[in-house]
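If you're matching them up, the sequences are chains A and B in order.
Under my numbering, the first residue of the first sequence carries the number -8, and numbering increases by one thereafter.
Under my numbering, the first residue of the second sequence carries the number 397, and numbering increases by one thereafter.
From the three backbone atoms N, C-alpha and C, an ideal C-beta is built for every residue, glycine too.
Read through the structure below, which is laid out as structure tokens, and then see the notes.
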Amino acid sequence: MSSHPTTILRYVPSFSRILLISTLLRVALIGYSEWHDAHSVVKYTDVDYRVFSDAARFLLDPSPHNQAEGPLARYLNIGSPYTRATYRYTPLLAVLLTPNEWLHPSFGKFLFAGCDILAGLLMYELLVSVILPTSPRPDARTQAKDTKDSRAGEDMRQRLATFLVSLHLLSPLVFTISTRGSSESVLSLFVLATLYYALKGRWDLSAVFLGLSTHWKIYPFIYGVACLGVIGSTGSAAGRGWLGTVVNGRTIRFALVSAATFIALGVGMYAIWGQPFLEESYLYHLTRLDHRHNFSPYFYLVYLTYPSDPPTLEPVFWKRLLRSPLTSFVPQMTLALGTGLLFGRRREDLVFAWFVQTFVFVVFNKVCTSQYFLWYTLFLPLLIPQLSMSSRRAIAYGAVWIGTQALWLSEAYKLEFLGQNVFFGLWIRGLVYVVGNCWVLAGIMDAYGRNQSR
Amino acid sequence: MATLSSSISSQGFHFTVSTTISVPGTLDISHSRLHVVYDLDPHVYADLYELAQRPGYSSFLWGTSDLEKPVFAVPSNNSVLLLTADTSRLVAPANITLDVPLHARYGRPVASRTTDTFYRITLEKPLGFLTFDLHHSTGIPEPLGSYASLAGWPSNISAIISDATSADRLQVTIPVGVSDDLAWVDVGTAVVMLTMFFYLAHASLRTVKRLSRKTSTKTE
Chain A
-8 MSSHPTTILR
2 YVPSFSRILL
12 ISTLLRVALI
22 GYSEWHDAHS
32 VVKYTDVDYR
42 VFSDAARFLL
52 DPSPHNQAEG
62 PLARYLNIGS
72 PYTRATYRYT
82 PLLAVLLTPN
92 EWLHPSFGKF
102 LFAGCDILAG
112 LLMYELLVSV
122 ILPTSPRPDA
132 RTQAKDTKDS
142 RAGEDMRQRL
152 ATFLVSLHLL
162 SPLVFTISTR
172 GSSESVLSLF
182 VLATLYYALK
192 GRWDLSAVFL
202 GLSTHWKIYP
212 FIYGVACLGV
222 IGSTGSAAGR
232 GWLGTVVNGR
242 TIRFALVSAA
252 TFIALGVGMY
262 AIWGQPFLEE
272 SYLYHLTRLD
282 HRHNFSPYFY
292 LVYLTYPSDP
302 PTLEPVFWKR
312 LLRSPLTSFV
322 PQMTLALGTG
332 LLFGRRREDL
342 VFAWFVQTFV
352 FVVFNKVCTS
362 QYFLWYTLFL
372 PLLIPQLSMS
382 SRRAIAYGAV
392 WIGTQALWLS
402 EAYKLEFLGQ
412 NVFFGLWIRG
422 LVYVVGNCWV
432 LAGIMDAYGR
442 NQSR
Chain B
397 MATLSSSISS
407 QGFHFTVSTT
417 ISVPGTLDIS
427 HSRLHVVYDL
437 DPHVYADLYE
447 LAQRPGYSSF
457 LWGTSDLEKP
467 VFAVPSNNSV
477 LLLTADTSRL
487 VAPANITLDV
497 PLHARYGRPV
507 ASRTTDTFYR
517 ITLEKPLGFL
527 TFDLHHSTGI
537 PEPLGSYASL
547 AGWPSNISAI
557 ISDATSADRL
567 QVTIPVGVSD
577 DLAWVDVGTA
587 VVMLTMFFYL
597 AHASLRTVKR
607 LSRKTSTKTE
């Protein structure tokens, strides 16, 4: 943001100290989770962690009812993580968590916490080497100032970077998600690595990480669209017009490297684990129907129109149109990809472009849980230096973002745990969540780039 | 003779059936196994992976365990959950309590709010029985007759544990959706999402124009 209270920054500890505090906090919480889960029926550990751990165990323990089904499986005595019901992830995640079986059941939590810390390191490096130095440069007269001032400026930059990264590392949303055993931090690390190499201009490496990120979870493919414009706007492709900017030798190379990485990983996984890998990791997400309540207002529509046996076709055409998957998919993809093309013009805008793309993807998705918020809040520490808004406005946006969630959660509690019939009210609050978040996003867009020399 | 009593603590879509078996000192269970069977209405499901984390018993399930569908999208027949208590450290007389977490699926929506917008799920009371460890030729007691054909059902049943409580069945009440709401939900969801789509599209275009103007000004 344009006004940085330097007095606050004086009290910010060193980055190494923040890293140490963040690490110790996570280690303590993982230790606590072991004690808590052993003494309480209500577990600290996320249900998903049990899914990952079970999948890793099945992978290591093949049996006649638990076998990998790919063409190469006959040469490998290996089980299938998809023997575990509701495991809908890449087999790589189960492979990563195999030490849960032979080392310690909490290994995965330490891995996810470690990814948090590495992500913090990447953020800090990006802030001090790329993002903060692109703030308005001094003119020729001020360049003559002595080195003491430039050292002071560098010190302030490091403190600001530390402060911003600590917003992420010390965020309860972040450290509880990883220490409870959710794997979101692994994808966050891959996405940040993609961004890191993109901002450093190392597009081949960025493309590889984009392919890896998309293999892990499909949605990061949207970032590739923003990258095309940035790649095409530099070098010999610059000034060719929009189509020439997006389609040229360099962008084609980026797309091919990214696609090749994605396909190579997919082929490798299919070769070992076969059709269940395709069905559970990818195809399931294309046809899934999330009828249980979640932040997205689509849940109630899905519940009331859930296909029954025998299926009944809605006779009225406009109702069929309203309920069609395209009615949700088209706006979501148009915004997610369109904002990538609109804002992916300069490398300095990449953080903003990815933030907006992810935000709209989450808000317009047919299902949304709290973990999805991490997908775009990840970019906030990198985006804040490029935003210019008053403290009052920032507080208003924060209050609305948190308030709409609290409004929904209070009603969801009544439904799920008290058994009150609040389906309609919960749907209304889902709409309020969407409207509130869109207002916040529009405000952030309005605040972007006002303090930069462009 | 051992006796059994069950109760249910209900909280919305998640509830726990607690079954307490009183084993008298006169009963020698050193060569027996203690089982409790739960006949689950299609509205109710047990998460075997969750049960595996519970101490004091092992579990087996016949029927659908699909956690992700509403009741009208799963087979309409009941599922059967069998718990086998861990009696390795049991010294009679003693009480064993088995707490079983169960969950409710979303029910079939009702047509309108003029009808009851809740559904009462009725659960058959849990049935307890003992089996011999060693092979022992016995008949199948009548209450367990319908389960005998299930693959892996225990044999060598020695005795049914009588139920000490008076109430016949356990009940849980869940809210259900209202189909009449669809008129609002159909249009309301589409209108809001499309309005927000255009709102953000406009905000995006406004932002990119502003950013482009700044870039052009700098170039000039």
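For R565/B, the beta-bridge partners assigned by DSSP are E520/B. Here the alpha carbons of L365/A and G389/A stand approximately 15 angstroms from one another. Looking at T81/A, Y439/A and A433/A, the one whose alpha-carbon comes closest to that of L596/B is A433/A.
A direct Cα-Cα distance of roughly 30 angstroms separates G259/A from F320/A. P505, T513 and F514: these are the residues of the stretch 505 to 518 of chain B whose beta carbon lies less than 8 angstroms from some beta carbon of chain A, given in chain order. Sequence-ordered contacts of the stretch 307 to 335 of chain A with chain B read K310, L313, R314, T318, S319, P322, T325, L326, G329, T330, L333 and F334 [C-beta pairs closer than 8 angstroms].
Among the residues of the stretch 64 to 89 of chain A, those with a Cβ less than 9 angstroms away from any Cβ of chain B are R75, A76 and T77, in the order of the chain. The contact set of Y445/B on chain A, defined by CB atoms closer than 7 angstroms, consists of R41 and D45 in chain order.
For I553/B, the three-state secondary structure derived from DSSP is strand.
In the DSSP annotation of this structure, the continuous segment of the alpha helix (DSSP H) that includes V423/A starts and ends at F414 to A438. Contact of A555/B with chain A by beta-carbon distance below 7 angstroms is absent, the smallest such distance being about 31 angstroms. The beta-carbon separation of A586/B and L304/A, rounded to 19 angstroms, does not stay under the 8 angstroms limit for a contact. Annotation for W549/B: Y543 place their beta carbon closer than 7 angstroms to its own, counting only its chain and skipping 5 residues before and after.
For D577/B, the C-beta contacts it makes with chain A under 9 angstroms involve Y291, L295, F414, F415 and W418, in order along the chain. Put simply, of A398/B, R606/B, D424/B and V572/B the residue whose alpha carbon is nearest the alpha carbon of R501/B is V572/B. Taking 8 angstroms as the CB threshold, Q407/B lines the interface with chain A.
In the DSSP annotation of this structure, the continuous segment of the beta strand (DSSP E) that includes R429/B starts and ends at S428 to L436. Per DSSP, reduced to three states, the secondary structure at D512/B is coil, with no helix or strand assignment. The beta carbon of D482/B does not come within 8 angstroms of any beta carbon belonging to chain A, so the residue lies off that interface. Q411/A carries a coil assignment under DSSP once its states are collapsed to helix, strand and coil. The beta-carbon of H30/A is placed no less than 8 angstroms from the nearest beta-carbon of chain B. Taking 8 angstroms as the cut-off, the beta carbon of W345/A is found no closer than this to the beta carbon of V581/B. One Cα belongs to S426/B, the other to V568/B, and the distance between them is close to 36 angstroms. The shortest CA-to-CA distance from V419/B to any of T460/B, L601/B, S401/B and T412/B is the one to S401/B.
With contacts defined as CB atoms closer than 8 angstroms, S169/A and A469/B fail to qualify as a contacting pair. The Cβ-Cβ distance between V351/A and L371/A does not fall below 8 angstroms. Under the three-state reduction of DSSP, F528/B is assigned to strand. Across the stretch 425 to 441 of chain A, CB contacts with chain B closer than 8 angstroms involve V425, V426, C429, L432, A433, M436, D437, Y439 and G440, in sequence order along the chain. Under the rule that a run must span 4 or more residues, the alpha helix (DSSP H) segments found entirely inside the stretch 440 to 485 of chain B read 444 to 447.
Setting aside the 5 residues that flank it on each side, T242/A is surrounded in the same chain by L219, I222 and G223, each with a C-beta closer than 6 angstroms to its C-beta; the list follows chain order. Cα atoms of T(-2)/A and A143/A: separation of roughly 14 angstroms, rounded to the nearest angstrom. Exclusion of the five residues before and after L566/B leaves I404 and L519 as the residues of its chain whose Cβ lies within less than 6 angstroms of its Cβ.
K208/A counts as buried, since at least 16 other C-beta atoms from the protein chains shown sit within 10 angstroms of its C-beta.
Its Cα nearest to that of D37/A, the residue F103/A stands out among F103/A, L201/A and L15/A. Of all residues in the stretch 348 to 361 of chain A, those with a C-beta nearer than 8 angstroms to a C-beta of chain B are V351, V354 and F355, reading in chain order. Under a 10 Å Cβ-count criterion, V342/A is classified as buried, with 16 or more other Cβ atoms of the shown protein chains found around its own Cβ.
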